[in-house]
Amino acid sequence: MLIKFLSNTTISRIAAGEVIERPASVIKELVENSIDAGSDNIDITIENAGKNLIIIADNGCGMSPQDLEIAVQRHTTSKLDESDLLNIHTFGFRGEALPSIGSISRMTITSKAAGSDKAYQIQVIGGEVQGSKPAVHNDGTTIEIRDLFFATPARLKFLRSDKTELAACVEVVKKIALSHPGVSFTLQHNGKNIFKVRKQDGARENQLKGRIVEILGEDFINNAALIDLNNSDLIVKGYTSIPTLNKATKDEQFLFINNRPVKDSLLYVSLRVAYQDYLARDRHPYSVIFLEISPHFVDVNVHPAKSEVRFHDPNMVRNFIIHAIKNALSENSQKVSSTIGATALGFFNSNNSNRTFNSLQQAAPSHNNYGNYKNFAENAYVSNFSFLKQNKEPIFQDNIFSNKIAPSTKIEEEIILSSNENINFRLGAAKAQFHSTYIISQTNDSIIIIDQHAAHERLGYEKIKENIKRNSLIKQRLLIPEIIELSTDHKAELLYIKSAELSEMGLTIEKFGEKSIIVSETPSLLGDINVKDLILDLADYISEIGEDIKLTELIEHVTETYACHYSVRAGRVLNTHEMNELLRQMEQTSFSGQCNHGRPTYIELKLKDIEKLFGRI
Ligand code: ADP
Ligand code: MG
Numbered sequence: 018m019l020i021k022f023l024s025n026t027t028i029s030r031i032a033a034g035e036v037i038e039r040p041a042s043v044i045k046e047l048v049e050n051s052i053d054a055g056s057d058n059i060d061i062t063i064e065n066a067g068k069n070l071i072i073i074a075d076n077g078c079g080m081s082p083q084d085l086e087i088a089v090q091r092h093t094t095s096k097l098d099e100s101d102l103l104n105i106h107t108f109g110f111r112g113e114a115l116p117s118i119g120s121i122s123r124m125t126i127t128s129k130a131a132g133s134d135k136a137y138q139i140q141v142i143g144g145e146v147q148g149s150k151p152a153v154h155n156d157g158t159t160i161e162i163r164d165l166f167f168a169t170p171a172r173l174k175f176l177r178s179d180k181t182e183l184a185a186c187v188e189v190v191k192k193i194a195l196s197h198p199g200v201s202f203t204l205q206h207n208g209k210n211i212f213k214v215r216k217q218d219g220a221r222e223n224q225l226k227g228r229i230v231e232i233l234g235e236d237f238i239n240n241a242a243l244i245d246l247n248n249s250d251l252i253v254k255g256y257t258s259i260p261t262l263n264k265a266t267k268d269e270q271f272l273f274i275n276n277r278p279v280k281d282s283l284l285y286v287s288l289r290v291a292y293q294d295y296l297a298r299d300r301h302p303y304s305v306i307f308l309e310i311s312p313h314f315v316d317v318n319v320h321p322a323k324s325e326v327r328f329h330d331p332n333m334v335r336n337f338i339i340h341a342i343k344n345a346l347s348e349n350s351q352k353v354s355s356t357i358g359a360t361a362l363g364f365f366n367s368n369n370s371n372r373t374f375n376s377l378q379q380a381a382p383s384h385n386n387y388g389n390y391k392n393f394a395e396n397a398y399v400s401n402f403s404f405l406k407q408n409k410e411p412i413f414q415d416n417i418f419s420n421k422i423a424p425s426t427k428i429e430e431e432i433i434l435s436s437n438e439n440i441n442f443r444l445g446a447a448k449a450q451f452h453s454t455y456i457i458s459q460t461n462d463s464i465i466i467i468d469q470h471a472a473h474e475r476l477g478y479e480k481i482k483e484n485i486k487r488n489s490l491i492k493q494r495l496l497i498p499e500i501i502e503l504s505t506d507h508k509a510e511l512l513y514i515k516s517a518e519l520s521e522m523g524l525t526i527e528k529f530g531e532k533s534i535i536v537s538e539t540p541s542l543l544g545d546i547n548v549k550d551l552i553l554d555l556a557d558y559i560s561e562i563g564e565d566i567k568l569t570e571l572i573e574h575v576t577e578t579y580a581c582h583y584s585v586r587a588g589r590v591l592n593t594h595e596m597n598e599l600l601r602q603m604e605q606t607s608f609s610g611q612c613n614h615g616r617p618t619y620i621e622l623k624l625k626d627i628e629k630l631f632g633r634i
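Right, dumping it as structure tokens:
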């Protein structure tokens, strides 16, 4: 056996395999270097999604010719204090990016150090360094990468279509731009400007807000709750959409740890828990969250690309983030997304449905409103839960209306000119009920359409929550206990481990073999439900978080699952008193502006918008 030392080029190419996966990784490394160099303007130019050409030009501190020669060597950095490897405040510190990129492409760096009167250029071609020579350049650095992976053709084969690679490039720039509002960025692809944000001035908060508007759009900020919570170890700041502004994918969720964009399930899991009361499982909020934590409590050096992190106490961090999001949401619990009113107005404008849709798009150019639109238009009460699809109605035993109200009288589709006594309430005075489903009310400056079914569902949910909290859920013994087989042993085991807590919440279960459980009692509030679907949903939900789920989380999961399996009779005819009673209850119930799936329970049409529709103003 012959053992050899690997050449520097081979070592660099192996390292490049870890750091540089695709054109977007080059952009990430180089833009981070530009930011570390103190730039406030970064221009990125790419061709063929970065496969042929990437140019990053900055106005940072620049490099002297000596620096240039050292920077392209392996393990050279100006950023690390070797006495404290944990105390990292820059993006870079491993000294790997430039030599790695240089070993697999044709790289040219041109730079002028601030204060120097001459610029220099150095080239690295497939790992071969060509000495520096004088050049022309303003203060700052331009790095040009041609033919990425030409020296490692195997890697080239793994690249995806231009469309996919370009999307990854944009994503990287977007994330870095979000966390660096004091820097201007442009991105040009094949000669076209595809991304541009301008340096934001002012205090960090304002800068950030301005940048978020540039990237996620005005609608997001107008429909977002401000997150701001700190303790002695952690600070969480940012914005998260109120539940009625949501989308089908989770691609508008950004987490930054110490201002570094990270890929971590931490944010996703935290959002799922924080929103579980308010959003269907297939809908996702928009969120931009900045977590600040002492570098001593988090290790960013888990992965060469540094996009993953490791916390010393991940549970503590997660719980804190959940708490911060929930606080923010409850402070905005009576708000309903303003995009919904706009969407609704679009429907009224129905002479030309295409035009309507376009006008909606114009109203929200920078983020896709289609999710809401489509959701509202098509999915109005279609739930994901198989139980509801079977259309089995549970017995609605616990009437959410107070007893003082007489049984309803037949007033359907009759316009009632009721008094304006209630007009000063937030949801106004109920005027009429249409199609046994919608209530119309009037406030001083608007007309409100309330979806009675969704509103009932929400109030019912709060009722379940109250009952669980007060420990006053009454159990109902099943005539024949039901044996339910779970998809895995683990899920059966999890339910079994939690059986004492579940029993407190009205659900009596016992283990039955490896994969099954027996259910003998359910909460009577839920009526005649499909027990199997309820248990399967519950098991899925609990197993998503895992065995160490906290009791409060468990309670929330159970409440949420119950609520999904609990329905009220739609199409109940109401009299004016009942309608007003429902509106007053909604006003007193937090989060009554949306049903449990994040759909709105009411839509408000401002008079001034209605006047616009009629061309009055
Ligand atoms: P790291 O960023 O981990 O230090 P790199 O290989 O990315 O390692 O860069 C090596 C060094 O080159 C940096 O430490 C920095 O001193 C210098 N450098 C890289 N890019 C720039 C730039 N755009 N402007 C000024 N200096 C730079
Ligand atoms: Mg670097």
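The sequence shown runs contiguously to residue 634 in our numbering. Glycine is no exception: its CB is placed at the ideal position from the N, C-alpha and C atoms.
Within a Cβ cutoff of 7 Å, which residues of the same chain sit near Pro-82, ignoring the five residues on either side of it in sequence? Here Pro-82 has Tyr-137, Ser-149 as same chain residues with Cβ atoms under 7 Å from its own Cβ, once five neighbours each way along the sequence are excluded.
Does the region 443-463 come within contact of the region 588-608, defined as at least 3 CB pairs closer than 8 Å? The region 443-463 vs the region 588-608: in contact.
What residue from Leu-599, Ile-457, Ile-28, Tyr-256 has the CA that sits closest to His-473's CA? Of all alpha-carbon atoms in Leu-599, Ile-457, Ile-28, Tyr-256, the one lying nearest the alpha-carbon of His-473 is that of Leu-599.
Proximity of Asn-58 and Val-200 at Cβ, strictly below 8 Å: Taking 8 Å as the cut-off, the beta carbon of Asn-58 is found closer than this to the beta carbon of Val-200.
Would you say the beta carbon of Arg-111 comes nearer than 7 Å to a heavy atom of ligand 1? Shortest gap from the CB of Arg-111 to any heavy atom of ligand 1: under 7 Å.
For Ser-347, which residues from the same chain have a beta carbon less than 7 Å from its beta carbon, with the 5 sequence-adjacent residues on both sides left out? Cβ-Cβ distances below 7 Å link Ser-347 to Ser-607 in the same chain, with the five nearest sequence neighbours on each side left out; the list follows chain order.
Using the three-state DSSP reduction, which class does Glu-395 fall into: helix, strand or coil? Residue placement at Glu-395 is poorly supported in this model, since its pLDDT is 30, which falls under 50; the coordinates are not used for a value here.
Just to confirm before moving on: does the CB-CB distance between Leu-165 and Ser-122 stay below 8 Å? Their beta carbons are under 8 Å apart, which means Leu-165 touches Ser-122 by this criterion.
Using DSSP bridges, identify the partner residues of Lys-492. According to DSSP, which records beta bridges pairwise, Lys-492 is partnered with Pro-540.
Let me know the secondary structure DSSP gives Leu-251 once reduced to three states. In the three-state reduction of the DSSP assignment, Leu-251 falls in the strand class.
DSSP has Lys-267 in a bridge; who is on the other side? Among the bridge pairs identified by DSSP, Lys-267 is matched with none.
Run through DSSP, which three-state label would Asp-60 get? Asp-60 falls in the strand class under three-state DSSP.
Buried or exposed by the 16-neighbour rule on C-beta atoms within 10 Å, applied to Pro-278: So Pro-278 ends up on the buried side.
Over the uninterrupted alpha helix (DSSP H) stretch that includes Ser-516, give me the two end residues. Looking at the DSSP string, the run of the alpha helix (DSSP H) that includes Ser-516 is 516-521.
Could you name each continuous beta strand (DSSP E) segment of 3 residues or more that falls completely within the region 225-249, going from the start of the chain to the end? Whole beta strand (DSSP E) segments, 3+ residues: 241-247.
Determine the DSSP secondary structure at Lys-622, reduced to helix, strand or coil. A small fix is needed here, since residue 622 is Leu in this sequence, not Lys. Three-state DSSP puts Leu-622 in a strand.
Inter-stretch contact (C-beta, 8 Å, three-pair minimum) for the region 555-563 and the region 266-275: Output reads no: the region 266-275 does not touch the region 555-563.
Please state if the CB of Ala-291 and the CB of Ile-339 are separated by a distance shorter than 8 Å. Contact flag set, yes.
With three or more C-beta pairs closer than 8 Å as the rule, is the region 238-254 touching the region 297-311? Output reads yes: the region 238-254 touches the region 297-311.
Buried or exposed for His-106, going by 16 or more other Cβ atoms inside 10 Å? Counting the other CB atoms within 10 Å of its CB gives His-106 a total below 16, which places it among the exposed residues.
Got a sec, what are the start and stop residues for the beta strand (DSSP E) Gln-147 sits in? Counting along the chain, the beta strand (DSSP E) containing Gln-147 begins and ends at 145-152.
Just how far apart, CA to CA, sit Gln-293 and Glu-222? Going from the Cα of Gln-293 to the Cα of Glu-222 covers about 28 Å.
Bounding residues of the beta strand (DSSP E) (the contiguous stretch that carries Gly-77): First-last for Gly-77: undefined, no H or E at that position.
Short of 6 Å in beta carbon distance, which residues of its chain neighbour Ile-432, apart from the five on each side in sequence? Order them along the chain. Legend: pLDDT at Ile-432 = 46, less than 50; position of this residue unreliable, no value from coordinates given.
Does DSSP classify His-206 as helix, strand or coil? Strand.
Report whether the distance from the Cβ of Asp-60 to the nearest heavy atom of ligand 1 is below 7 Å. For ligand 1, not one heavy atom lies less than 7 Å from the Cβ of Asp-60.
Give the C-beta separation of Ile-465 and Tyr-619 to the nearest angstrom, bearing in mind that I take them to be a contact with Cβ-Cβ under 8 Å. With a Cβ gap of about 5 Å, Ile-465 and Tyr-619 count as contacting.
With a threshold of 7 Å (Cβ to nearest heavy atom), would Asn-65 be considered close to ligand 1? Here the distance from the Cβ of Asn-65 to the nearest heavy atom of ligand 1 is not below 7 Å.
Which residues in the same chain as Glu-628 place their Cβ atom closer than 6 Å to its Cβ, once the five residues preceding and following it in sequence are excluded? If we look at Glu-628 and ignore the five residues flanking it on each side, its Cβ neighbours are Ile-634.
Going by DSSP, what residue range makes up the beta strand (DSSP E) through Thr-158? Taken as a continuous stretch (DSSP letters only), the beta strand (DSSP E) holding Thr-158 covers 157-163.
Reference Met-603; option with closest CA among Ala-446, Ser-128, Glu-438: Out of Ala-446, Ser-128, Glu-438, Ala-446 has the C-alpha closest to the C-alpha of Met-603.
Exposure of Phe-271, with buried meaning 16 or more beta-carbon neighbours within 10 Å: Counting every other CB atom within 10 Å of its CB across the protein chains shown gives Phe-271 a total of 16 or more, marking it as buried.
Could you have a look at Phe-374 and say whether DSSP puts it in helix, strand or coil? Low confidence applies to Phe-374: its pLDDT is 29, below 50, so where it sits in the model is not reliable, and the reading given next is rough at best. Residue state, collapsed to three classes: helix.
Contact check, Ala-265 vs Arg-298, beta carbons under 8 Å: For Ala-265 and Arg-298, no; Cβs fall outside 8 Å.
Cutting at 6 Å between CB atoms, please list the residues of its own chain near Ile-467, excluding the five before and the five after it. So the list reads Ile-456, Tyr-619, once near-sequence residues are dropped.
Reduced DSSP category for Arg-4 - H, G, I as helix; E, B as strand; rest coil: The question about residue 4 has no answer, for the chain in this structure spans 18 to 634.
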